[in-house]
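Trainee: Numbering (my numbering), first residue to last: 8 to 69. Glycine included, C-beta positions come from ideal geometry on N, C-alpha and C. For reference, the structure I am asking about is given below.
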């Protein structure tokens with residue numbers, strides 16, 4: 008992911024505002040996310056941890 012962000016910001020040396028940087032980074036990460044085909048490693052372990060830590064927030068989504 009770091010290489011995707013670095014590659015997209017390296018092309019543009021000057022940004023007009025902070026929002027333009029955020030937009031470029033958002034677009035770069037969303038385009039990179041479309042290409043991901045590998046499953047997330049240790050997702051069950053992560054979900055168990057999220058459930059323990061944020062049980063009140065996840066009740067509506069699980």
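Nearest-angstrom Cα distance between residue 20 and residue 36?
Mentor: In the chain shown, residue 20 corresponds to position 13, counting from 1. In the chain shown, residue 36 corresponds to position 29, counting from 1. Computed Cα separation, rounded: 19 Å.
Trainee: By the three-class DSSP mapping on this structure, what secondary structure does residue 50 have?
Mentor: Residue 50 sits at position 43 when you count from the first residue of the chain shown. Secondary structure of residue 50 (DSSP, three-state): helix.
Trainee: What would DSSP say about residue 25, mapped onto helix, strand or coil?
Mentor: Locating residue 25 in the chain shown gives position 18, where the first residue counts as 1. DSSP places residue 25 in the helix class (H, G or I) of the three-state scheme.
Trainee: Hey, quick one: how far does the alpha helix (DSSP H) through residue 16 stretch, first residue to last?
Mentor: Within the chain shown, residue 16 is the residue found at index 9, counting from 1. Element bounds for residue 16: 9-17.
Trainee: What does the alpha-carbon distance come out to for the pair residue 61 and residue 51?
Mentor: Counted from its first residue, the chain shown places residue 61 at position 54. Counted from its first residue, the chain shown places residue 51 at position 44. Each residue's Cα considered, the two are about 15 Å apart.
Trainee: Could you compute how far the alpha carbon of residue 66 sits from the alpha carbon of residue 47?
Mentor: Locating residue 66 in the chain shown gives position 59, counting from the first residue. Locating residue 47 in the chain shown gives position 40, counting from the first residue. The straight-line gap from Cα to Cα measures roughly 22 Å.
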